[in-house]
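For reference, the structure discussed in these notes is given below.
In our numbering, the protein residues as written are 57 to 222.
Shown next, in the form of structure tokens:
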């Protein structure tokens, strides 16, 4: 986005970052499609997509696999596993404010984003839980503790082991 900051899409993305709201699948899927295609051309064994889908609209677009013509899937092979990193609100807020990723990060902005997550996220979580694809990880420790817990939980997860073995 930084290299194409004058494009309409970059403007839309910056507006969403500044004023909350999720990108629609129409806005986001072209990026995902290119990233997936690029990864496949590099012959990687798997692809991890962080923070997607975040809402029902994105979930619904992904369920229909928008890239079937250019990146066909066999036997509805998506996704193999979904990770849910659980973080308490106070820890999430402290991390958000400390990261310094966006020039407009603030406690008010976090509160709005967290409220969006609480409103939109459960539908996505429920979908993947019912599909048997969700692995939940407690991510409330220090960075080092969270990394160790992630390794431990993934190592003990049959779903994760199955996904990475293929």
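Using N, Cα and C, we set each Cβ at its ideal position, and we do this for glycine too.
Residue 178 classed as buried or exposed, judged by whether at least 16 other C-beta atoms fall within 10 angstroms: Exposed: under 16 other Cβ atoms inside 10 Å.
**Message:** Please identify the residue among 181, 90, 160 whose C-alpha is closest to the C-alpha of residue 123.
**Reply:** Comparing Cα-Cα distances from residue 123 to each of 181, 90, 160, the minimum goes to 90.
| message | Here's a check: name, in chain order, each residue in its chain whose Cβ is nearer than 7 Å to the Cβ of residue 184, leaving out the five neighbours to either side. | response | Excluding residues within five positions, the ones whose Cβ falls inside 7 Å are 138, 190.
For the putative contact between residue 136 and residue 187, defined by C-beta atoms under 8 Å, what is the C-beta separation to the nearest angstrom?
So it is not a contact: roughly 11 Å between Cβ atoms.
With distance defined between alpha-carbon atoms, name the residue in 213, 172, 214 nearest to residue 112. For residue 112, the nearest C-alpha among the options comes from 172.
Thinking just about the alpha-carbon of each residue, which of 214, 140, 161 is nearest to the one in residue 149? Residue 161 holds the alpha-carbon nearest to the alpha-carbon of residue 149 among 214, 140, 161.
Handout entry: Proximity of residue 194 and residue 142 at Cβ, strictly below 8 Å
Key = With respect to the 8 Å criterion, residue 194 and residue 142 are classified as neighbours on the basis of their beta carbons.
Measure the CB-CB distance between residue 110 and residue 181 and report whether it falls below 8 Å. No, the pair does not count as a contact, with Cβ atoms beyond the cut-off.
ask   = Taking C-beta to C-beta, are residue 140 and residue 192 nearer than 8 Å?
value = Yes; because the gap between Cβ atoms is below 8 Å, this pair is in contact.
Take residue 134 and list the residues in its own chain whose beta-carbon comes closer than 7 Å to its own, dropping the five residues that flank it on each side.
Hits under 7 Å: 121.
Exercise for the section: State buried or exposed for residue 174, treating a residue as buried only when at least 16 other CB atoms are found within 10 Å of its CB. Expected result: Residue 174 is exposed by the Cβ-count criterion.
- Query: Alpha carbon to alpha carbon, how far is residue 126 from residue 146?
  - Reply: When rounded, the distance between both Cα atoms is 42 Å.
Practice problem: Please go through the region 138–205 and give each complete alpha helix (DSSP H) segment of 4 or more residues, from N-terminal end onward. | Solution: Fully enclosed alpha helix (DSSP H) runs of 4 or longer: 145–155, 163–186.
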